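Number of protein chains: 2
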Amino acid sequence: MNDADPREARLLAAAETLVLRHGYDKTSVAEVARAAGVSKGAFYLAFASKDELIEELVLRESLAFQARWGTEVRAHPRFGTVGAMYEGMLAALEERPLMSRIMRRDAQLLGRYLHRPGNVFERMAAGQPTRGEALAVLQKAGAIRSDVAADVAAHVINIIAFGLVSLPDFVVATGTPPPGEVFAFIGQMMDHMLTPADGPTPSARAAMEQLMQRGEEGLARFLDARAAERRARR
Amino acid sequence: MNDADPREARLLAAAETLVLRHGYDKTSVAEVARAAGVSKGAFYLAFASKDELIEELVLRESLAFQARWGTEVRAHPRFGTVGAMYEGMLAALEERPLMSRIMRRDAQLLGRYLHRPGNVFERMAAGQPTRGEALAVLQKAGAIRSDVAADVAAHVINIIAFGLVSLPDFVVATGTPPPGEVFAFIGQMMDHMLTPADGPTPSARAAMEQLMQRGEEGLARFLDARAAERRARR
DNA sequence: CCTTGACCGTTTTTACCGAATCGGTCAACT
DNA sequence: AGTTGACCGATTCGGTAAAAACGGTCAAGG
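Written out as structure tokens, the structure reads:
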């Protein structure tokens, strides 16, 4: 990541607002350059292509989201439980509407990029543990009761996550309870179902910490490799 | 409802397959008539418009779904708990793919009809209790612990329902656990969270029975009024 | 050096056409 | 009385072509 380049940063900032408002397809390189106060040519000094721009946007948002998730989870009073992990994720999502739309593969936002073969989502997912694997690890560490089916639990978690990031666009905005309460409810519900009676054991906490770190490092490594590749191509 | 008219029934059956396959927009009245073995003119002897056809389809599917839901819930071993109610709903949904798509307001299926002002969804919802109201009633009857926020619970239920009917189209079909296990998991999760320790009391069961009946009667009344109106317009 | 905007080839949008098809009607026929 | 299919105006479709906008490049200028 090259935050030293102020031009790149301004382009990314401009792109974020424009893409968030009009989507990838309806946001032109010229527009982004103009909004950032540089020429179109300069855009191509910072990015190799329009795709590289959106990918950088997605990756930085993912990084910021994951960082936020990490601090949220580690500060959670029930750290070590699936509920805490999940509540942290939801709280982080709530603060990052862009991430919500990325997560649900919003077609309006991502446009044609979504159908690009070998897009950043596929490549990112390659290194990351799936939700099912993560839960299996947590179960082995005692963070999840041994009598529940981890794969089923993972699927239900996916269902809830998807419903949560998708529903707001579906229902009328009126009358939905405060997000914080909803997240707390979901988190507690997960814990009632999944967490053993003896609460989050130290080994559960350690496994969760390791899992979070693995995710963070995986993403960081991906970003570093990418940054190096970009620098080399220059 | 006039099941005595075999022509109407055949038109509806033909429409169901065609609409399910090609959607409302791409299914023409002529096609439906031909598939039902009658002329286009005859179609308009049975239905006042194409909209009336899709509405009848939606309403009958809703009725069949609700009936199925009712038997499923009443036969459930944990009848009287929210989990049982919910598991029954999911099981009924699983058997009625059309209802799933109606519930999520599938644009491909419903096409232009979806954007029609004063469509059947708005009119149907008018008489029915919202999920929030239903849960409030259940809570008062002791089917839900008094220390949970019923409106939050209702919202989370909506989230799960929406995620469940929407996710299958989103994720790859591979690797999802069997529906029955998923439903059971969700139902148990709800019960762990919502149902009081003393289990489903008789009063809870009574309230739930009343609630189900209210829903069934509301829909039946709506259908009857509609059928009468249609007969009168003839 | 670094930056620019005119320029390139391609893709997308717009406009337009007649033909086809749409939902809906109704005089004619069985 | 019950049913039909030709018919209506409106909408959509498929094809075409001109115009606009696109992503990306690079000689020229600062």
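As you go down the protein sequences, you meet chains A and B in turn. To convert, note that position 64 of the first sequence is 50 in our numbering; the numbers rise steadily by one, no gaps. To convert, note that position 196 of the second sequence is 182 in our numbering; the numbers rise steadily by one, no gaps. Glycine residues also receive a C-beta, built at the ideal position from the N, C-alpha and C atoms. Remember, predicted model here, so these are calculated numbers, not experimental data.
- Contact check for B/GLY204 against B/GLY113 passes: the beta carbons are separated by less than 9 Å.
- Restricting attention to beta strand (DSSP E) runs no shorter than 3 residues, the region 11 to 82 of chain A encloses none.
- In this structure, the CA atom of A/GLY74 is about 11 Å from the CA atom of A/GLU81.
- Secondary structure at A/ARG212: helix, using DSSP grouped into helix, strand and coil.
- DSSP places B/SER152 in the helix class (H, G or I) of the three-state scheme.
- Using a Cβ-Cβ cut-off of 7 Å, A/LEU153 is close to ASN144, ILE145, PHE148 of chain B, given in chain order.
- For B/ALA147, same chain residues with a beta-carbon under 6 Å away, outside a window of 5 residues either side, do not exist.
- The C-beta of B/ALA61 has fewer than 16 other C-beta atoms within 10 Å across all chains shown, which makes the residue exposed.
- If you draw a straight line from the Cα of B/ARG117 to the Cα of B/GLY66, it is about 16 Å long.
- Just so you know, the alpha carbons of B/SER189 and A/ARG7 end up roughly 51 Å apart.
- For B/ILE172, the secondary structure class from DSSP, reduced to helix, strand or coil, is helix.
- For B/PHE208, the number of other beta carbons within 10 angstroms of its own is at least 16, and it is reported as buried.
- In this chain, the alpha helix (DSSP H) harbouring A/ARG109 covers 106 to 113.
- Residues of chain B with a Cβ closer than 8 Å to the Cβ of A/PRO163 are, in chain order, ALA135, ASP137, VAL138, HIS141.
- Per DSSP, reduced to three states, the secondary structure at A/ARG7 is helical.
- Where B/GLY161 is concerned, there is no enclosing alpha helix (DSSP H), because DSSP gives it neither an H nor an E.
- Around B/GLN174, the beta-carbon contacts reaching into chain A at under 8 Å are MET179.
- 9 Å or more divides the Cβ of B/LEU39 from the Cβ of B/ALA21.
- Residue burial is scored here from C-beta neighbours: B/GLN125 has at least 16 other C-beta atoms within 10 angstroms and is therefore classed as buried.
- Under the three-state reduction of DSSP, B/SER86 is assigned to helix.
- Under the 9 Å criterion on CB atoms, B/GLU80 is classed as non-interfacial with respect to chain A.
- In this structure A/ARG102 touches A/ASP37 by the C-beta definition: roughly 7 Å separates them, less than 8 Å.
- In the DSSP assignment, B/LEU96 falls within the alpha helix (DSSP H) that extends over 93 to 96.
- The C-beta distance from A/ARG212 to A/ALA34 rounds to 11 Å, too long to fall under 8 Å, and the pair is not in contact.
- By the criterion of at least three beta-carbon pairs nearer than 8 Å, the region 133 to 152 of chain B is in contact with the region 168 to 185 of chain B.
- Our two residues, A/ALA170 and A/PHE156, have alpha carbons roughly 22 Å apart in a direct line.
- Residue environment analysis places B/GLY69 among the buried positions, since at least 16 neighbouring C-beta atoms fall within 10 angstroms of its C-beta.
- Taking A/GLN52 as the centre and dropping the five residues before and after it, the same chain places the C-beta of GLY201, GLU202, LEU205 closer than 7 Å to its C-beta, in chain order.
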